[in-house]
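Student:
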Ligand SMILES: Cc1ncc(COP(=O)(O)O)c(C=O)c1O
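Residue numbers (our numbering): 354 to 753.
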């Protein structure tokens with residue numbers, strides 16, 4: 354398939370309508386692929402390659418970084434645009450972002466800490482609870498930033514393999530934490546997990562918290578919370594209200610489409626937030642604070658993004674299963690398909706066809722992680738997939 358150049362930009366509504374078209378609601382409306390500058394340091398999203406022109410970047414179907422392809426809705430754009438007049442001020446006016454987040458969760462403002470993305474929160478939590486060479490316990494593969502941060506500060510990690518059906522084995526996490534409790538500074542639970550998209554149920558979260566030492570900090574990363582449909586999942590914020598040593602990390606990068614603007618936060622007992630604050634950079638920009646407030650209020654836009662994303666995920670994973678490929682049943686805006694070959698060369702094959710897909714996640718090196726993009730992007734992914742893979746027969750396909 355040809356790499357198509359697409360530099361025109363349409364409104365958020367256009368992107369949503371296109372997605373609905375793919376899902377069968379508004380046929381004939383074209384997709385808006387949002388352009389972002391790429392290639393300036395770091396492996397994402399160009400798979401470790403050098404600089405890429407903006408035109409080349411815009412032409413890719415960007416299914417590598419679990420981004421929201423629709424961009425911020427008008428309500429958020431308007432709030433950020435109006436906030437430009439405060440660009441010359443340091444911390445204030447801030448739109449009341451901390452108060453709004455606290456009210457959103459029914460907690461106090463001293464239960465909230467802002468970060469420049471939840472990535473900053475993960476680092477702050479890592480430094481706070483692992484300094485002095487402590488260990489973080491968690492599974493692999495998962496979102497690896499806490500483990501990388503641990504090695505960066507000469508702390509360590511105990512990474513447990515995933516269990517049956519790629520699930521996080523809570524009993525093993527409990528046993529490992531208890532066995533090494535003198536050295537363990539933190540337990541990390543990504544819920545739902547990246548890259549599998551699988552949840553830890555609310556019963557399992559309780560089992561974990563009840564099974565480890567009462568004062569053991571647990572970092573629960575809820576970056577993909579807003580996409581979950583499974584009623585067995587619940588946010589762990591209520592544990593903060595109970596005073597348990599739980600830190601919830603949330604982000605505006607996914608459902609709210611503000612990845613490039615950098616806003617995330619922690620919800621935790623005030624005593625833990627006080628320990629974390631000295632490690633924060635205070636580097637959240639003025640615009641995104643106002644954008645974040647508007648995003649919290651624009652629940653209709655978030656609902657639309659969720660609905661379209663889930664529909665497109667189900668449609669695409671259904672097509673893959675029809676072709677004979679098993680898919681891990683995701684609750685997020687990405688999924689993993691078992692391609693029965695090493696993913697590394699396949700990622701390059703997709704790239705040549707104008708589709709960026711996720712990096713390898715060892716030890717699951719035969720599973721390809723695919724973010725859910727627009728209807729047009731998912732169509733292009735399926736076209737490329739059929740060109741790269743022959744149809745196979747299987748009896749083990751799971752429901753996506
Ligand atoms: C599970 C998880 N946590 C945290 C992050 C960091 O996101 P951000 O720093 O943009 O909030 C990501 C990003 O992909 C993620 O997948």
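C-beta: ideal position from N, C-alpha, C; glycine also.
For residue 755, count neighbouring C-beta atoms within 10 Å of its own C-beta (all shown protein chains included) and say buried if the count is 16 or more, exposed if not.
Tutor: This structure does not reach residue 755, given that the chain is present from 354 up to 753, and the question cannot be answered.
Student: With distance defined between alpha-carbon atoms, name the residue in 696, 410, 732 and 582 nearest to residue 686.
Tutor: Working through the chain shown from its first residue, we reach residue 686 at position 333. Minimum Cα distance to residue 686 is reached at 582.
Student: What did DSSP end up calling residue 396 once you bin it into helix, strand or coil?
Tutor: Sequence index remark: in the chain shown, residue 396 carries index 43 (1-based). Confidence at residue 396 is low in this model, with a pLDDT of 39, below 50, so the placement of that residue should be treated as unreliable; the coordinate-derived value is given next. Correct three-state label for residue 396: coil.
Student: Can you tell me the Cα-Cα spacing of residue 739 and residue 641, whole angstroms?
Tutor: What you label residue 739 is simply residue 386 of the chain shown in a count that begins at 1. What you label residue 641 is simply residue 288 of the chain shown in a count that begins at 1. So the two alpha carbons sit approximately 40 Å from each other.
Student: Express the C-alpha separation of residue 455 and residue 493 in angstroms, rounding to a whole number.
Tutor: On the chain shown, residue 493 is found 140 positions in, with the first residue counted as 1. On the chain shown, residue 455 is found 102 positions in, with the first residue counted as 1. The straight-line gap from Cα to Cα measures roughly 32 Å.
Student: The beta strand (DSSP E) that contains residue 721, what's its start and end?
Tutor: Locating residue 721 in the chain shown gives position 368, counting from the first residue. Where residue 721 is concerned, the enclosing beta strand (DSSP E) stretches over 720-724.
Student: Output the boundary residues of the alpha helix (DSSP H) element that contains residue 679.
Tutor: Against the chain shown, residue 679 aligns to sequence position 326. No alpha helix (DSSP H) contains residue 679, which DSSP labels as neither H nor E.
Student: By DSSP's criteria, residue 510 is part of a beta bridge. Which residues make up the other side?
Tutor: As a working mapping, residue 510 is identified with position 157 in the chain shown. In DSSP, residue 510 forms a bridge with 489.
Student: Spatial neighbours of residue 339 within its chain, please: CB distance less than 8 Å, with the 5 preceding and 5 following residues excluded, ordered by chain position.
Tutor: Here the chain has residues from 354 to 753 only, and residue 339 is not among them.
Student: Excluding the 5 residues preceding and the 5 following residue 466 in the sequence, name in chain order all residues of the same chain whose CB lies nearer than 8 Å to its CB.
Tutor: For the purposes of this step, residue 466 is identified with residue 113 of the chain shown, where counting begins at 1. Around residue 466: 474, 477, 618, 619, 621, 626, 629, 630 and 633.
Student: Within the chosen definition, does the region 555-574 reach the region 521-530 through at least 3 CB pairs nearer than 8 Å?
Tutor: yes
Student: Would you list, in sequence order, the uninterrupted beta strand (DSSP E) runs of no fewer than 3 residues that lie entirely inside the region 622-701?
Tutor: 687-691
Student: Below 8 Å on the Cβ atoms is my contact criterion, and I expect residue 527 with residue 565 to pass it. Report the Cβ-Cβ distance as a whole number of Å.
Tutor: If you number the chain shown from 1, residue 527 lands on position 174. If you number the chain shown from 1, residue 565 lands on position 212. Going by Cβ atoms, the distance from residue 527 to residue 565 rounds to 6 Å, so yes, they are a contact pair.
Student: Within the same chain, show all residues whose beta-carbon is closer than 7 Å to that of residue 458, passing over the 5 residues directly before and after it, in chain order.
Tutor: Taking the first residue of the chain shown as position 1, residue 458 is located at position 105. For residue 458, where only same-chain residues beyond five positions count, the Cβ hits under 7 Å are 590 and 620.
Student: Name the residue from 691, 731 and 706 whose alpha carbon lies nearest to the alpha carbon of residue 664.
Tutor: Your numbering for residue 664 matches position 311 in the chain shown. The option with the nearest alpha carbon to residue 664 is 731.
Student: Check residue 717 in the structure and name its three-state DSSP category.
Tutor: Position 364 of the chain shown holds residue 717. Looking at residue 717 - three-state DSSP - the assignment turns out to be strand.
Student: Quick one: is the Cβ of residue 496 within less than 7 Å of any heavy atom of ligand 1?
Tutor: Residue 496 sits at position 143 when you count from the first residue of the chain shown. Yes.
Student: Looking at the strands, I want to know which residues DSSP matches up with residue 618.
Tutor: Counting from 1 along the chain shown, the entry for residue 618 is found at position 265. The partner list for residue 618 (beta bridge, DSSP) reads 467 and 603.
Student: Restricting to Cα atoms, I'd like to know which of 482, 646 and 718 is closest to residue 453.
Tutor: Within the chain shown, residue 453 is the residue found at index 100, counting from 1. Answer by Cα proximity: 646.
Student: Using only alpha-carbon positions, find the residue among 742, 650, 724 and 490 that is nearest to residue 425.
Tutor: Locating residue 425 in the chain shown gives position 72, counting from the first residue. When only C-alpha atoms are compared, the closest one is 650.
Student: Quick check: what's the CA-CA separation for residue 678 versus residue 609?
Tutor: Sequence index remark: in the chain shown, residue 678 carries index 325 (1-based). Sequence index remark: in the chain shown, residue 609 carries index 256 (1-based). The alpha-carbon atoms of residue 678 and residue 609 are separated by roughly 31 Å.
Student: Would you call the region 564-580 and the region 683-700 in contact, with 3 or more CB pairs under 8 Å?
Tutor: yes
Student: Pick from 547, 635 and 720: whose alpha carbon is nearest that of residue 451?
Tutor: On the chain shown, position 98 is the one that residue 451 refers to. Cα-wise, what sits closest to residue 451 is 635.
Student: Is residue 726 close to ligand 1? I mean its beta-carbon at under 7 Å from any heavy atom of the ligand.
Tutor: Here residue 726 refers to the residue found at position 373 of the chain shown. False, no ligand heavy atom lies under 7 Å from that Cβ.
Student: Residue 711 by DSSP, collapsed to three states: which one?
Tutor: Here residue 711 refers to the residue found at position 358 when the chain shown is read from its first residue. DSSP places residue 711 in coil when its eight states are reduced to three.
Student: Do the region 491-509 and the region 711-723 meet, that is, are 3 or more Cβ pairs less than 8 Å apart?
Tutor: yes
Student: Along the chain, which unbroken stretches of the alpha helix (DSSP H) at least 4 residues long are found entirely within the region 403-483?
Tutor: 407-412, 427-436, 450-458 and 471-483
Student: Using the three-state DSSP reduction, which class does residue 565 fall into: helix, strand or coil?
Tutor: Within the chain shown, residue 565 is the residue found at index 212, counting from 1. Residue 565 falls in the coil class under three-state DSSP.
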